[in-house]
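Visitor: Dropping the structure in here first, questions after.
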Amino acid sequence: MSSLFHSFAPFFVPSKVSLKTSSLPQHCSASSKIRGAINDDVPSASSANHTRAPLPNLRDMALSSSLADDQSGRRSDPSASATATAMAVMAPDTAKESTKGIGILNFLEGKSYFVTGATGLLAKAFVEKILRVAPNTRKIFLLVKAKDEEEALGRVKTEIIECGIFKRLKELHGEHYADFMMSKLVPVVGNMCEPDLGMPNVELATQIVEEVEVIVNSAASTTFDERYDVALNLNTRGPFRLLSFAMKCKKLRLFLHVSTAYVNGERQGVVREKPFYMGQSIAEEMANDPRANQSFALPKLDVHAEIKLASEIVQSLTKEDVVQKLKELGLVRAKMFGWQDTYVFTKAMGEMMLSSYKGHIPVTIIRPSIIESTYAEPFPGWIQGNRMVDPLLLSYGKGLLPGYLADPKALVDIVPVDMVVNTMVSAMAKHGIPSDPELSVYQVSSSVINPLKVHEMFGFSCDHFMSAPLKDSRGEEIAIERMKFFSSLNEFSAYIQDEVAERFGLRDSEVTSNPRRFEKLQMICKRTVESLIYKAKIYEPYAFYRGW
Numbered sequence: 151m152s153s154l155f156h157s158f159a160p161f162f163v164p165s166k167v168s169l170k171t172s173s174l175p176q177h178c179s180a181s182s183k184i185r186g187a188i189n190d191d192v193p194s195a196s197s198a199n200h201t202r203a204p205l206p207n208l209r210d211m212a213l214s215s216s217l218a219d220d221q222s223g224r225r226s227d228p229s230a231s232a233t234a235t236a237m238a239v240m241a242p243d244t245a246k247e248s249t250k251g252i253g254i255l256n257f258l259e260g261k262s263y264f265v266t267g268a269t270g271l272l273a274k275a276f277v278e279k280i281l282r283v284a285p286n287t288r289k290i291f292l293l294v295k296a297k298d299e300e301e302a303l304g305r306v307k308t309e310i311i312e313c314g315i316f317k318r319l320k321e322l323h324g325e326h327y328a329d330f331m332m333s334k335l336v337p338v339v340g341n342m343c344e345p346d347l348g349m350p351n352v353e354l355a356t357q358i359v360e361e362v363e364v365i366v367n368s369a370a371s372t373t374f375d376e377r378y379d380v381a382l383n384l385n386t387r388g389p390f391r392l393l394s395f396a397m398k399c400k401k402l403r404l405f406l407h408v409s410t411a412y413v414n415g416e417r418q419g420v421v422r423e424k425p426f427y428m429g430q431s432i433a434e435e436m437a438n439d440p441r442a443n444q445s446f447a448l449p450k451l452d453v454h455a456e457i458k459l460a461s462e463i464v465q466s467l468t469k470e471d472v473v474q475k476l477k478e479l480g481l482v483r484a485k486m487f488g489w490q491d492t493y494v495f496t497k498a499m500g501e502m503m504l505s506s507y508k509g510h511i512p513v514t515i516i517r518p519s520i521i522e523s524t525y526a527e528p529f530p531g532w533i534q535g536n537r538m539v540d541p542l543l544l545s546y547g548k549g550l551l552p553g554y555l556a557d558p559k560a561l562v563d564i565v566p567v568d569m570v571v572n573t574m575v576s577a578m579a580k581h582g583i584p585s586d587p588e589l590s591v592y593q594v595s596s597s598v599i600n601p602l603k604v605h606e607m608f609g610f611s612c613d614h615f616m617s618a619p620l621k622d623s624r625g626e627e628i629a630i631e632r633m634k635f636f637s638s639l640n641e642f643s644a645y646i647q648d649e650v651a652e653r654f655g656l657r658d659s660e661v662t663s664n665p666r667r668f669e670k671l672q673m674i675c676k677r678t679v680e681s682l683i684y685k686a687k688i689y690e691p692y693a694f695y696r697g698w
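The sequence shown begins at 151 in our numbering and counts up one residue at a time.
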């Protein structure tokens, strides 16, 4: 899959600022303070802070700055010429050049970090970048979900130190690689879903409080239809718990939170890089737009009431019903307030928590679109698992998805993970200063300057799978055709039922003449069709969203 994405990477690599600033108004509403909805992790009302986010000129500054590629005199990384959006300020040859621009390398020198979501794709790419360009980094504390310190250490060794993305670091340090990594990485047993981050080691927690200068939150549940209570606990309450911990950190210079560009919901056109404030909803914003012909009253979004609602629903359901009902609840609540699904809705509410309770903490929010494989750093084509659009393309390559519910002219906004990381380190250098307690937002995407349309993505995929076809269980090459697009769910459903039945041979005479075999295949086809239709419904808001 990585080779597939890298083959058409130039079509989605941003070449300039990706989401421009527009005159789109933002409708904010004052927040009411927490009324006991989340008693385990809520500060006093006096800590709420509604700070207007500036629009810093970081991109222009980042273009003129430089960041050492590594300390071994390697040539500069080519991703610098590919994008300003990613602020890929790669190195000339020496660290001395780093004094230009915003001084990224100078900022990274000797810092200590606390990173959540440590075993995820983005966090690994971030850790790799930091250790490669700033080998004198003091410590990177990694919050890892584990039963004890031994298990946490094991996860760091197998899932991070032995991960393929660290290949260049391994080449650089040779036989001392493992020792170097262990001298920098500190596994921390914890859980973003628990009070006080679930850290049992008080001594280690104290060390983090004393030493950490930058906190990076990349922990999230990215499942579109996640259980509402689960998504709220991690995506909404999680950032708040981490922020509460950040307030104890004595040397903290920046709290960097990774969100998603899709928190912008159903907004149309070019969107400002502005934070969400408590109680703000996309539905209300769109209803208040002079161009909208709506006169009905909209419900007011209350984040704490949503948390309480999910908790009460959990307690009222049986074990058999709780998963499905909570999934349905999340989707219903998201769409009611103007978001596509549970994932982006709970991420938006997480931003609201940060903007309302940040106090004196400098917070920067990074909003990437669809994160995919590396474009250049540390090498092209690295990815972890099947992400976001990957399952669709793999299903297409396997011949299981010959048609799709989508507007062929809709945009698929994809950004390489290394460009997101470059944005993160540039933002750290720009805003990690004691005198800047503002809240800043950066949207990292490609659709304005270098758009990729749905039909183009599947066209490139078709070319790839035709030249390098996948093979079935019998070792035979799978033939595919150009993707067919459907504008309605009913049309797609009828089409996919026929296609699945034909592919599984459900109508073959030798199958229909064998009742037992026919019944078994019929059940398989039914489950396959239901799964494809359900996924099409989940992806539908994105598959028809043009963004202009």
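Every residue gets a Cβ at the ideal spot worked out from N, C-alpha and C, and that includes glycine.
Computed from a prediction, not measured in an experiment: that's the story for all the values here.
Of all the options Phe642, Asp613, Asn341, Asp557, which has the alpha carbon lying nearest to the alpha carbon of tyrosine 684?
Guide: Your numbering for residue 684 matches position 534 in the sequence shown. Closest by alpha carbon: Phe642.
Visitor: Is the CB-CB distance between phenylalanine 487 and alanine 433 below 8 Å?
Guide: Taking the sequence shown and counting its residues from 1, the one referred to as residue 487 is at position 337. Taking the sequence shown and counting its residues from 1, the one referred to as residue 433 is at position 283. Going by C-beta atoms, phenylalanine 487 is nearer than 8 Å to alanine 433.
Visitor: What's the gap between the Cα of arginine 696 and the Cα of leucine 451?
Guide: Taking the sequence shown and counting its residues from 1, one reaches residue 696 at position 546. Taking the sequence shown and counting its residues from 1, one reaches residue 451 at position 301. Rounded to whole angstroms, arginine 696 to leucine 451 spans 26 Å at the Cα level.
Visitor: I'd like to check one pair, aspartate 379 with lysine 477: are the Cβ atoms closer than 8 Å?
Guide: The residue given as residue 477 occupies position 327 in the sequence shown. The residue given as residue 379 occupies position 229 in the sequence shown. No, the pair does not count as a contact, with Cβ atoms beyond the cut-off.
Visitor: For proline 449, which residues from the same chain have a beta carbon less than 7 Å from its beta carbon, with the 5 sequence-adjacent residues on both sides left out?
Guide: Numbered from its first residue, the sequence shown carries residue 449 at position 299. So the list reads Met486, once near-sequence residues are dropped.
Visitor: By a C-beta neighbour count over all protein chains shown, 10 Å radius and 16 as the cutoff for buried, is valine 366 buried or exposed?
Guide: Here residue 366 refers to the residue found at position 216 of the sequence shown. Valine 366 should be labelled buried.
Visitor: Starting from threonine 410, trace the beta strand (DSSP E) both ways and give me its first and last residue.
Guide: Position 260 of the sequence shown holds residue 410. Element bounds for threonine 410: n/a, residue is neither H nor E.
Visitor: Assuming valine 453 and valine 464 form a contact by the criterion Cβ under 8 Å, report the distance between their Cβ atoms to the nearest whole angstrom.
Guide: For the purposes of this step, residue 453 is taken as the residue at position 303 of the sequence shown. For the purposes of this step, residue 464 is taken as the residue at position 314 of the sequence shown. 17 Å between Cβ atoms; not a contact.
Visitor: May I have the straight-line CA-CA distance separating phenylalanine 694 from aspartate 557, to the nearest angstrom?
Guide: By 1-based counting over the sequence shown, the position of residue 694 is 544. By 1-based counting over the sequence shown, the position of residue 557 is 407. When rounded, the distance between both Cα atoms is 5 Å.
Visitor: Give every residue of the same chain whose Cβ lies closer than 8 Å to the Cβ of proline 337, excluding the five residues on either side of it in the sequence, and list them in chain order.
Guide: Indexing the sequence shown from 1 puts residue 337 at position 187. Same-chain partners within the cutoff: Leu292, Val294, Ala296, Glu299, Ala302, Leu303, Arg305, Val306.
Visitor: Using 8 Å for Cβ pairs, my map puts leucine 393 next to tyrosine 507. What's the rounded Cβ distance?
Guide: Looking up residue 393 in the sequence shown gives position 243. Looking up residue 507 in the sequence shown gives position 357. Indeed, because the Cβ distance is near 6 Å, the residues count as touching under 8 Å.
Visitor: Hey, serine 368 and glycine 270 are a contact pair by Cβ (cut 8 Å); roughly how many whole angstroms apart?
Guide: Numbered from its first residue, the sequence shown carries residue 368 at position 218. Numbered from its first residue, the sequence shown carries residue 270 at position 120. Yes, serine 368 and glycine 270 are in contact; Cβ-Cβ is about 6 Å, under 8 Å.
Visitor: I'd like to know whether the C-beta atoms of lysine 634 and proline 552 end up nearer to each other than 8 Å.
Guide: Your numbering for residue 634 matches position 484 in the sequence shown. Your numbering for residue 552 matches position 402 in the sequence shown. Yes, Cβ-Cβ distance for lysine 634 and proline 552 is below 8 Å.
Visitor: Taking DSSP as the reference, what is the three-state secondary structure of glutamine 490?
Guide: Here the question's residue 490 lines up with position 340 in the sequence shown. Here glutamine 490 sits in coil by DSSP.
Visitor: Where does serine 466 land, buried or exposed, given buried means 16+ other C-beta within 10 angstroms?
Guide: For the purposes of this step, residue 466 is taken as the residue at position 316 of the sequence shown. Exposed, by the Cβ-count rule.
Visitor: Mapping DSSP to helix, strand and coil, what is glutamine 593?
Guide: Numbered from its first residue, the sequence shown carries residue 593 at position 443. Three-state result, glutamine 593: strand.
Visitor: Look up leucine 543 in the DSSP assignment and give the residues it is bridged to.
Guide: The sequence position of residue 543 within the sequence shown is 393, counting from 1. Paired residues: none, contrary to the question.
Visitor: Run through DSSP, which three-state label would phenylalanine 276 get?
Guide: Counting from one through the sequence shown, the residue named residue 276 turns up at place 126. Phenylalanine 276 falls in the helix class under three-state DSSP.
Visitor: In chain order, what residues of the same chain have a beta carbon less than 7 Å from the beta carbon of isoleucine 688, not counting five sequence neighbours either side?
Guide: Looking up residue 688 in the sequence shown gives position 538. Counting only Cβ-Cβ distances below 7 Å, and skipping sequence neighbours, we find Phe374, Asp375, Asp491.
Visitor: Taking C-alpha atoms, which residue in Gly415, Leu543, Ile628 lies nearest to alanine 484?
Guide: Your numbering for residue 484 matches position 334 in the sequence shown. Considering only alpha carbons, the answer is Gly415.
Visitor: For isoleucine 628, which of helix, strand or coil comes out of DSSP?
Guide: Within the sequence shown, the letter at position 478 stands for residue 628. DSSP places isoleucine 628 in coil when its eight states are reduced to three.
Visitor: What is the DSSP secondary structure of histidine 614, reduced to helix, strand or coil?
Guide: Position 464 of the sequence shown, counting from 1, holds the residue named residue 614. Here histidine 614 sits in helix by DSSP.
Visitor: Put proline 619 into one of helix, strand or coil per three-state DSSP.
Guide: For the purposes of this step, residue 619 is taken as the residue at position 469 of the sequence shown. Coil.
Visitor: When the Cα atoms are used, what is the spatial distance from aspartate 190 to proline 619?
Guide: As a working note, residue 190 is residue 40 in the sequence shown. As a working note, residue 619 is residue 469 in the sequence shown. Because the pLDDT of aspartate 190 is 45, which lies under 50, any placement of that residue in the model is unreliable, and the number read from its coordinates should be weighed accordingly. Cα to Cα, aspartate 190 sits roughly 53 Å from proline 619.
Visitor: In three-state DSSP terms, what is tyrosine 427?
Guide: Taking the first residue of the sequence shown as 1, we reach residue 427 at position 277. It is coil, neither helix nor strand.
Visitor: Just verifying my parser: in three-state terms, what is the DSSP assignment at valine 352?
Guide: Looking up residue 352 in the sequence shown gives position 202. Valine 352: helix per DSSP, three-state reduction.
Visitor: Can you look up proline 528 in the DSSP assignment and give me helix, strand or coil?
Guide: By one-based count along the sequence shown, residue 528 stands at place 378. Note: proline 528 maps to coil in three-state DSSP.
Visitor: So phenylalanine 276 and methionine 574 are in contact, right, with Cβ under 8 Å, and what is the actual spacing, rounded?
Guide: If you number the sequence shown from 1, residue 276 lands on position 126. If you number the sequence shown from 1, residue 574 lands on position 424. Phenylalanine 276 to methionine 574, Cβ: 6 Å. Contact.
Visitor: From phenylalanine 654 to valine 661, what distance separates their C-alpha atoms?
Guide: Residue mapping note: residue 654 aligns to position 504 of the sequence shown, counting from 1. Residue mapping note: residue 661 aligns to position 511 of the sequence shown, counting from 1. Looking at the two C-alpha atoms, the distance is approximately 10 Å.
Visitor: Per DSSP, what kind of secondary structure is proline 285 in: helix, strand or coil?
Guide: Within the sequence shown, the letter at position 135 stands for residue 285. Reduced to three states, the DSSP call for proline 285 is coil.
Visitor: DSSP state of serine 262, grouped into three classes?
Guide: The count along the sequence shown starts at 1 and reaches residue 262 at position 112. Looking at serine 262 - three-state DSSP - the assignment turns out to be strand.
Visitor: Assuming contact is defined by CB atoms lying nearer than 8 Å, are methionine 428 and leucine 384 in contact in what I supplied?
Guide: Position 278 of the sequence shown, counting from 1, holds the residue named residue 428. Position 234 of the sequence shown, counting from 1, holds the residue named residue 384. No.
Visitor: Using the Cα positions of serine 576 and histidine 605, report the straight-line distance between them to the nearest angstrom.
Guide: Taking the sequence shown and counting its residues from 1, the one referred to as residue 576 is at position 426. Taking the sequence shown and counting its residues from 1, the one referred to as residue 605 is at position 455. Whole-angstrom Cα-Cα distance: 33 Å.
Visitor: Helix or strand or just coil, what does DSSP make of valine 336?
Guide: As a working mapping, residue 336 is identified with position 186 in the sequence shown. Note: valine 336 maps to strand in three-state DSSP.
Visitor: Do the region 402 to 418 and the region 495 to 512 touch if we need at least three Cβ pairs shorter than 8 Å?
Guide: Verdict: yes, contact present.
Visitor: When the Cβ atoms of the region 351 to 364 are set against those of the region 310 to 326, are three or more pairs found closer than 8 Å?
Guide: Because the criterion of three Cβ pairs below 8 Å is not met, the region 351 to 364 and the region 310 to 326 do not touch.
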